[in-house]
DNA sequence: CGAAAACGGAGAGCCGAGCTCCGGTTCGTG
DNA sequence: CACGAACCGGAGCTCGGCTCTCCGTTTTCG
């Protein structure tokens, strides 16, 4: 909106001095790593240290964290959307759904920052909200197709999928430094619970509607943020 | 160990003055409510305000939060153990298991502080650790019985239950001020996923052993704590 | 009534995170 | 190579939030 050649160094106004440009790259790289490992809650000092650079340098280049985060996660967030698109392209509706759950979670498990960005609200809100709007119909489609083919239990609804992500996200956090793959175990259980077959334990509680999910994300602080 | 008649006012050394005793009760009551509603992260000021009492008074009675928490949650934590015991007494092994999951989660859903106490480590560690030691064999028994009766899938293990609690706990947090019953929906899915029936999605990741669960709880900070 | 006990809550001390500022360093141009 | 501009570094200031103390005031009770 008003930022200089700060976010896209490639074709900017006047090129940065060599050392400045070097540091800019370092910071971006460090931020990528640190966000992925430790989540969005890391301090600017953390990033600076990791980049072997002074805090001042970080602030000079990225006056606020928001910009840094947004620049970094754009691509990752897109990845999530295209995951859903690819899933819709899959032949078998059940495999599509399960594959989407599995790959989506794997993505989030590999990047703590991404997980926090997607599940919470408060950082890239604009971009993430818009991403969710694009996801919703795809997810809805995945669910409907799998139900039409008789493989997914009929009482499931699109908004249940984010909830499943939240559950698995919790497991990922919980078991992170003990066994980072335990979420797959839980996913397998959940997947079997999603199959259409008797007897079905009735889902006593009503499904959430999209606005409720939205609202839940607002009030939500996964760890620190 | 060295505390005065602070935690058990009933039969203590010399009785508190009337106003002091009244305030002590108020504080305990307020703490109970506030912990249940907002979790263990609340400040002493929060408690004092809620009790209509000055902070000083709270500190005079309960020099550290730990004591306050421990005094309050003793009973609640016992409740969890007896839940498992009652479950073991149930006739049908499957109903026992499912009922235990359901009631255990309901207890934690109704009391945010309890949930944090049980799932994390850092507050009543002594008491909670000992509680877990008592739970472990019971839970193990519940699992084995349900498997022996052919109702529970055979690849489940005792340590999977705490993980299920973690997942549901995440949902409880997430949906707290949107629809506090959504966790039941997810539980139903999970329960169906636990049934022994073909096809079973294989649990690719290995189960955690108890020490890993313990370790996971250590590194774990649900919200703030 | 008066001493002892208890109260209240302002504020001191602390901590962690965000951010600034300026003496020193590096660049690159004349 | 020399010099000004651009940039760096990181000590330290600010700020908000929390824990805990201290003492003038109030309450209890013999």
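Protein chains in written order, with the numbering used here: chain Y, 1 to 225; chain L, 1 to 225.
Cβ coordinates follow ideal geometry from the N, Cα and C atoms, glycine included.
Predicted model only: the values in this text are computed from it and were never measured.
As assigned by DSSP and simplified to three states, the class of residue i
i, result
"residue 161 of chain Y", "helix"
"residue 1 of chain Y", "Confidence at residue 1 of chain Y is low in this model, with a pLDDT of 33, below 50, so the placement of that residue is unreliable and no value is reported for it."
"residue 51 of chain L", "helix"
"residue 168 of chain Y", "helix"
"residue 210 of chain L", "helix"
"residue 205 of chain L", "coil"
"residue 175 of chain Y", "helix"
"residue 46 of chain Y", "helix"
"residue 8 of chain Y", "For residue 8 of chain Y, the predicted structure reports a pLDDT of 40, less than 50, and the residue's modelled location is therefore unreliable. The matter cannot be settled from this model."
Residue i, enclosing alpha helix (DSSP H) - first and last residue
i, result
"residue 18 of chain L", "18-38"
"residue 201 of chain L", "Taken as a continuous stretch (DSSP letters only), residue 201 of chain L belongs to no alpha helix (DSSP H), as it is neither H nor E."
"residue 184 of chain L", "182-194"
"residue 61 of chain L", "55-61"
Min CB distance residue i to chain L below 8 Å
i, result
"residue 208 of chain Y", "yes"
"residue 184 of chain Y", "yes"
"residue 220 of chain Y", "yes"
"residue 174 of chain Y", "yes"
"residue 135 of chain Y", "no"
"residue 158 of chain Y", "no"
"residue 205 of chain Y", "yes"
"residue 101 of chain Y", "no"
"residue 36 of chain Y", "no"
"residue 192 of chain Y", "yes"
"residue 212 of chain Y", "yes"
"residue 188 of chain Y", "yes"
"residue 163 of chain Y", "yes"
Same chain, Cβ closer than 8 Å to residue i, neighbours up to 5 away in sequence not counted
i, result
"residue 146 of chain Y", "93, 94, 96, 97, 152"
"residue 55 of chain Y", "44, 45, 48"
"residue 257 of chain L", "No statement about residue 257 of chain L is possible, as the shown extent of chain L runs from 1 to 225 and does not include it."
CB contact check: residue i to chain Y, cutoff 8 Å
i, result
"residue 179 of chain L", "yes"
"residue 27 of chain L", "no"
"residue 170 of chain L", "yes"
"residue 197 of chain L", "yes"
"residue 43 of chain L", "no"
"residue 215 of chain L", "yes"
"residue 131 of chain L", "no"
"residue 139 of chain L", "no"
"residue 106 of chain L", "no"
"residue 202 of chain L", "yes"
"residue 46 of chain L", "no"
"residue 109 of chain L", "no"
"residue 118 of chain L", "no"
"residue 9 of chain L", "Interpretation of residue 9 of chain L is limited by its pLDDT of 38, a score under 50 that renders its predicted location unreliable; the figure taken from the coordinates is listed afterwards. It does not: the Cβ of residue 9 of chain L has no partner Cβ on chain Y nearer than 8 Å."
"residue 96 of chain L", "no"
"residue 31 of chain L", "no"
"residue 225 of chain L", "Residue placement at residue 225 of chain L is flagged as unreliable, the pLDDT there being 33, under the threshold of 50; the coordinate-derived value follows with that caveat. No, its Cβ sits nowhere closer than 8 Å to a Cβ of chain Y."
"residue 166 of chain L", "yes"
"residue 40 of chain L", "no"
"residue 114 of chain L", "no"
"residue 80 of chain L", "no"
6 Å Cβ shell around residue i - same chain, five flanking residues per side excluded
i, result
"residue 175 of chain L", "182"
"residue 158 of chain L", "139, 140, 143"
"residue 50 of chain Y", "30, 34"
"residue 191 of chain Y", "98"
"residue 115 of chain L", "108, 169"
Same chain, Cβ closer than 7 Å to residue i, five either side skipped, listed in chain order
i, result
"residue 31 of chain Y", "47, 68, 72"
"residue 138 of chain L", "84, 85, 88"
"residue 187 of chain Y", "101, 102, 105, 168"
"residue 212 of chain L", "none"
"residue 160 of chain L", "207"
Start-end ranges of the alpha helix (DSSP H) lying completely within the region 63-90 of chain L, minimum 4 residues: 65-89
Any alpha helix (DSSP H) of 4 or more consecutive residues that is wholly inside the region 94-157 of chain L: Counting only runs of 4 or more, we get 112-119, 125-148.
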